[in-house]
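Heads up: the sequence shown runs through residues 1203 to 1610, numbered per the working numbering.
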Amino acid sequence: MSELSFMEKLLDGVEVEWRPLVELGELVRGNGLPKTDFTESGVPAIHYGQIYTYYGLSTETTISFVSPEAAKKLKKVNTGDVVITNTSENLEDVGKALVYLGKPQAVTGGHATIFKPGQLIIGKYFAYFTQTSAFFCEKRKLAKGTKVIDVSATDMAKISIPIPCPDNPKKSLEIQAEVVRILDAFTAITAELTAELTAELNLREKQYNYYRDQLLSFEEGEVEWKTLGELAENLDSKRKPITSGLREAGNIPYYGASGIVDYVKDYIFDGDFLLVSEDGANLLARNTPIAFSISGKTWVNNHAHVLKIDTYAERRYVEYYLNSIDLTPYISGAAQPKLNKKNLESIRIPNPSPTEKERIVSVLDKFDALTSSITEGLPREIELRQKQYEYYRDLLLSFPKPNSEVAA
1203 MSELSFMEKL LDGVEVEWRP LVELGELVRG NGLPKTDFTE SGVPAIHYGQ IYTYYGLSTE
1263 TTISFVSPEA AKKLKKVNTG DVVITNTSEN LEDVGKALVY LGKPQAVTGG HATIFKPGQL
1323 IIGKYFAYFT QTSAFFCEKR KLAKGTKVID VSATDMAKIS IPIPCPDNPK KSLEIQAEVV
1383 RILDAFTAIT AELTAELTAE LNLREKQYNY YRDQLLSFEE GEVEWKTLGE LAENLDSKRK
1443 PITSGLREAG NIPYYGASGI VDYVKDYIFD GDFLLVSEDG ANLLARNTPI AFSISGKTWV
1503 NNHAHVLKID TYAERRYVEY YLNSIDLTPY ISGAAQPKLN KKNLESIRIP NPSPTEKERI
1563 VSVLDKFDAL TSSITEGLPR EIELRQKQYE YYRDLLLSFP KPNSEVAA
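Pasting the structure below:
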């Protein structure tokens, strides 16, 4: 079935009227609710900031509560009501909607508006519509501010919502309910696929780390151990940091502690080297590798140590080993972690035969290539599924506008 025929079948020839939100229900502006009022239990409370940082489209429970005394001063949220954010640091999060489906009455505070649906609209239908590109375009016209973006309750009330056959409320709600049913199912499928792909990604990464650690584990006395200073030549003295304003743009990579930070016109290194982070939070967090190989013409600033190691196998072996061990004993400073040259060169590394190193590197290179392929492919697949969901969501909520509005 084509997309057009599906929408035609769903609408079955009925008229669609775009009505301002204010005509479809009651809008109540929230007030108060500082986070200092939160308690471990009590009356369910919805803070505007949690709508775009924690909640999805709907919820039956809240993560915050306030005392009954504090709740008396706040605006009430009943089952089926929609809480909409009015303020954020970015336009995407302004106008984000949360349908409250909990049984106990909840409360909300400032920077939020409660939409209490009337007889012509389903709360969840409206909430889904707030995720569409059509709604985004409307709120962008009404947004005020630069650092903090705001769309007031008064302006939010002006945004038009498509209502199929408004003269027949029963049929209108049936059509809206069908749209919601389809989107609920699509949302569940998308969430399940995303969870499965994410689990697969995590599993492959753990599998890679396990085999890497097994290949790089040696007992005392099993092999000779040397310090990194004995295995590599340190070229830190040749580094030259350049402030961003003085860099001349080009196509040569300019490296820092965690990788490429810019591209410049000139170079100071030409060849194959191993870089090791000298400072930065990543030394402890290890969100990205602290050791990484570079090749060709490059420029390196003073946030990464530069090591020259004789052969490819030797260099990659050291790279794999450094990324597999805990370097905390060699790092100084907590607020500003640093791995200085002296400590770097004192790191002890197992030193098996060149043949064994080549074997280990060969295995890990193959595993790394496979894992990298999966690591790159799965996030792309997750992104594709999300875009596919957004496409069909917008399609389901795309209704014809009057010619006068289209022309405007």
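C-beta atoms are modelled at their ideal positions from N, C-alpha and C, and glycine is treated no differently.
Bear in mind that the values here come from a model prediction, so they are computed numbers and not experimental data.
Item, Value
"Could you round the C-beta distance between S1574 and R1414 to whole angstroms and report it? I think they count as a contact, below 8 Å.", "With 8 Å as the limit, S1574 and R1414 do not qualify as a contact, their Cβ atoms being about 13 Å apart."
"Tell me whether the beta-carbon of F1475 lies closer than 9 Å to the beta-carbon of I1462.", "no"
"Let me confirm a value: I1454 is counted as buried when at least 16 other C-beta atoms fall within 10 Å, else exposed. Which label applies?", "buried"
"Compute the Euclidean distance between the alpha carbons of S1555 and L1580, then round it to the nearest angstrom.", "37 Å"
"Closest to V1502 by C-alpha separation, out of E1450, K1540, E1521 and A1459, would be which residue?", "A1459"
"Between the alpha carbons of E1376 and S1362, how many angstroms are there, rounded?", "20 Å"
"Whole-angstrom Cβ separation of L1226 and P1319, contact assumed at under 8 Å?", "7 Å"
"Could you check which residue in R1221, A1336 and L1566 has the C-alpha nearest to that of C1367?", "R1221"
"For N1504, which residues in the same chain have their Cβ closer than 6 Å to its Cβ, ignoring the five residues on either side in sequence?", "R1441 and P1443"
"Below 8 Å on the Cβ atoms is my guess for K1326 versus V1301; work out the distance and round it to an integer in Å.", "5 Å"
"Is the stretch 1468 to 1487 touching the stretch 1504 to 1519, taking contact as three or more C-beta pairs under 8 Å?", "yes"
"Kindly list the residues whose CB is nearer than 7 Å to the CB of A1397, restricted to its own chain and excluding five residues on each side of it in sequence; keep chain order.", "none"
"Using 8 Å as the Cβ pair cut-off and three pairs as the minimum, do the stretch 1286 to 1303 and the stretch 1335 to 1353 touch?", "yes"
"Throw me the rounded Cβ distance for the L1541 and L1486 pair, which I believe falls under 8 Å.", "Not really, about 10 Å apart at Cβ, beyond 8 Å."
"Can you list, in chain order, the stretches of the beta strand (DSSP E) that have 3 or more residues and sit fully within the stretch 1297 to 1372?", "1299 to 1302, 1308 to 1310, 1314 to 1319 and 1362 to 1366"
"Excluding sequence positions up to five away, which residues of its chain have a Cβ less than 7 Å from the Cβ of Y1257?", "L1300"
"When you compare only the Cα positions, how much space is there between P1270 and Q1307?", "11 Å"
"Please classify I1551: does DSSP put it in a helix, a strand, or coil?", "strand"
"Let me check you understand the geometry: is the CB of A1571 closer than 8 Å to at least one non-hydrogen atom of the ligand FMN?", "Questions concerning the ligand FMN fall outside what the structure shown contains, since it holds no ligand whatsoever."
"If you follow the beta strand (DSSP E) that S1526 is part of, which residue opens it and which one closes it?", "First-last for S1526: Y1514 to S1526, but that is the alpha helix (DSSP H), not the beta strand (DSSP E)."
"Report the option in N1404, D1570, T1281 and K1305 whose CA atom is closest to the CA atom of I1324.", "T1281"
"Using a Cβ-Cβ distance under 9 Å, would K1278 count as near chain C?", "Included in the structure is just one protein chain, with no chain C present."
"In whole angstroms, give me the CA-to-CA distance for S1439 and K1510.", "13 Å"
"Would you mind giving the Cβ-Cβ distance between S1260 and L1229, rounded to the nearest angstrom? I have them listed as a contact below 8 Å.", "In fact, because the Cβ distance is near 19 Å, the residues do not count as touching under 8 Å."
"Using alpha carbons as the reference points, say which of T1400, R1517 and Q1416 lies closest to E1583.", "T1400"
"Less than 9 Å separating the beta-carbons of Q1378 and R1595?", "no"
"Counting only the same chain and skipping the five closest in sequence on each side, list residues whose C-beta sits under 8 Å from that of Y1532.", "L1541, N1545, L1546, S1548 and I1549"
"Compute the Euclidean distance between the alpha carbons of K1170 and F1388, then round it to the nearest angstrom.", "Residue 1170 is absent from the structure shown; the chain starts at 1203 and stops at 1610."
"I need the DSSP call for T1287, collapsed to helix, strand or coil.", "strand"
"Would the beta-carbon of F1317 fall within 9 Å of that of L1223?", "yes"
"When the Cα atoms are used, what is the spatial distance from D1369 to K1341?", "27 Å"
"Could you check the C-alpha separation between S1600 and F1240 for me, to the nearest Å?", "40 Å"
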